[in-house]
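What follows is a short report on a single structure.
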Amino acid sequence: MRVLVLECALSLDVNAAMIADYADVARRHGDLSLTVLTREGVRDRLAGGVPEEVELLEEVPDYYTPGAVERRVMELLRNSSYDLLFAPREGDVVRAARIREKFGIEGQNVESARAYRDKLEMKRRVAAAGLDVWPSYRVDDAVDFWNAVDELGYPLVLKSRSAWAGETAAFVYDESGARQAASDCFGRLSADVPAHSVVEPMAGSVMYHVDGVRHDGEFLYLIPSQYYGFGTGRAVGEHVGSFGSVMLDPASAVGRGLVEIVEAVVAALPNVRTSSFHAEVWGDVDGRLQLNEIAARAGGHFTMTNAGAATGLLPDKLCLGLAAGMKPEQLGFVGEEHIRPVAGFGLPYRAGRVVALPDRCELPSVLKLVLPGWLVPGAITG
């Protein structure tokens, strides 16, 4: 079996770690060959060089700019035969689906990919199934934006309708901030080009996420968690402390409620045979749970590593193996009944140097503090 992998994690070290994981899947499989297209700089981060299970590793210049990756993937598929196109990152979901359909490759199709990427289409389908959704207002131009501002008031969030919202969101607290957000969003566009954005009321309350893996119609696991730190609705860069999330008891009332919501949401959206999921669910002032959004991919940053620590392996490694026909136990999956409670945190983005991190934690409920060196390159960890 030959698999074409697109891997573009934002951290080069995480990127290299994922490629090593995929190579381990190939070793366990015994008849799996990998071609990997990735970002510039990843090869130098691979400990021991390119794994022998990777027949070709190619760094694509300007990976995040549309054009070059699509061209190279289509060239490879025209000139050779691949059984799978594995593309677990957010920016690759739709373009990989389009290419699969063109070349007749099994996997997530365009309808499904867009339903999980387009926030308005996603919420339309979910609301039609009778589920509660966090309100989103279509913003294609400045008139749409100011209409939403007048209706919602402050604070609010302006973000992309389909792109990486965590990287593009503008948190708006007042008229001055609204004018700046409008300038940033619309100033780069011609007057008749849609902004393809949405405005939402800021959560300002409890913010949850649910992460899981599903294969052949069954969830292998769903982990409910609660964000902390930036749950106040402030942008990450404005927060002076740590931010992260802590796993909730799946048997608790809120844990059960979150899992049930995500199961119903996935049932309302076009099917994906094998996928990880990252859902965000906001609690309103009355405690009612509403879907903010769901992605057919693993969560980013600490949410992905939390899932890996809880289950014994990262979601993308599990998904690749399942898509290649392997059993969960062949990949080292511990089983839902053995999932360990986990909490994770991240340091806010800012210029500076990490001087030291603790190698022990005094909280009695914490059994082990894990500080992977690749999370803070150069840090000495215990």
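Per my numbering, residue 1336 is the first one in the sequence shown, and the count goes up by one each step.
Ideal Cβ placement from N, Cα and C applies to all residues, glycine included.
Everything numeric in this text was worked out from a predicted model, so none of it was measured.
- Of the other Cβ atoms in all chains shown, 16 or more fall within 10 Å of the Cβ of residue 1443; this residue is therefore buried.
- Judged by their CB atoms, residue 1616 and residue 1604 are not nearer to each other than the 8 Å cut-off.
- It is roughly 13 Å from the alpha-carbon of residue 1637 to the alpha-carbon of residue 1545.
- Assignment of residue 1482 by DSSP, reduced to helix, strand and coil, places it in the helix class.
- DSSP places residue 1447 in the uninterrupted alpha helix (DSSP H) bounded by 1445-1452.
- With respect to the C-alpha of residue 1340, the residue from 1472, 1435 and 1531 having the closest C-alpha is 1435.
- Comparing alpha-carbon positions, the option among 1678, 1646, 1470 and 1421 lying closest to residue 1619 turns out to be 1470.
- Measuring C-alpha to C-alpha distances from residue 1368 to each of 1375, 1377, 1358 and 1508 identifies 1358 as the nearest.
- Every beta strand (DSSP E) of 3 residues or more that sits fully in the stretch 1461-1526 is shown, in chain order, as 1472-1474, 1491-1495 and 1505-1507.
- In the same chain as residue 1532, and ignoring 5 residues on each side of it, the C-beta atoms closer than 7 Å to its own belong to 1474, 1493, 1494, 1495, 1496 and 1520, in chain order.
- By the Cβ neighbour-count rule, residue 1392 is buried, with 16 or more other Cβ atoms within 10 Å of its own.
- At the C-beta level, residue 1407 and residue 1395 come within 8 Å of one another.
- Along the stretch 1618-1653, the beta strand (DSSP E) occurs as fully enclosed runs of 3 or more residues at 1624-1630, listed in sequence order.
- Residue 1394 sits in a strand when the DSSP states are folded into three classes.
- Judged by DSSP in its simplified three-state form, residue 1336 adopts coil rather than helix or strand.
- Cβ-Cβ distances below 7 Å link residue 1433 to 1445 in the same chain, with the five nearest sequence neighbours on each side left out; the list follows chain order.
- Looking at the DSSP output, residue 1562 bridges to 1580.
- Look at residue 1409 here: in three-state DSSP terms it is helix.
- Within the model, the alpha-carbon separation for residue 1562 versus residue 1416 is close to 43 Å.
- Around the C-beta of residue 1652, 16 or more other C-beta atoms lie within 10 Å, and the residue is accordingly described as buried.
- With contacts defined by Cβ atoms closer than 8 Å, residue 1361 and residue 1381 do not form a contacting pair.
- Exposed is the label assigned to residue 1673, since fewer than 16 other Cβ atoms lie within 10 Å of its Cβ.
- Here DSSP, grouped into helix, strand and coil, assigns residue 1554 to strand.
- For residue 1347, the uninterrupted alpha helix (DSSP H) run begins and ends at 1347-1364, by DSSP.
- Taking 8 Å as the cut-off, the beta carbon of residue 1669 is found closer than this to the beta carbon of residue 1646.
- Exposure of residue 1511 is indicated by the presence of fewer than 16 other C-beta atoms within 10 angstroms of its C-beta.
- The stretch 1585-1592 makes contact with the stretch 1548-1561: 3 or more CB pairs, one atom from each, lie closer than 8 Å.
- About 16 Å separates the Cβ atoms of residue 1537 and residue 1578, ruling out a contact at the 8 Å cut-off.
- Excluding five sequence positions before and after residue 1614, the CB atoms of its chain that fall closer than 6 Å to its own CB belong to 1545, 1597 and 1629, given in chain order.
- No Cβ-Cβ contact shorter than 8 Å links residue 1464 with residue 1457.
- Check the Cα spacing between residue 1498 and each of 1455, 1516, 1383 and 1374: the tightest is with 1455.
- Partner residues in the beta bridge of residue 1532, as assigned by DSSP, are 1474 and 1495.
- For the pair residue 1551 and residue 1659, the Cα-to-Cα distance works out to about 13 Å.
- Residue pairing by DSSP places residue 1547 opposite 1557 and 1612 in a beta bridge.
- C-alpha of residue 1397 to C-alpha of residue 1591: approximately 43 Å in a straight line.
- CA-CA distance, residue 1600 to residue 1634, rounds to 17 Å.
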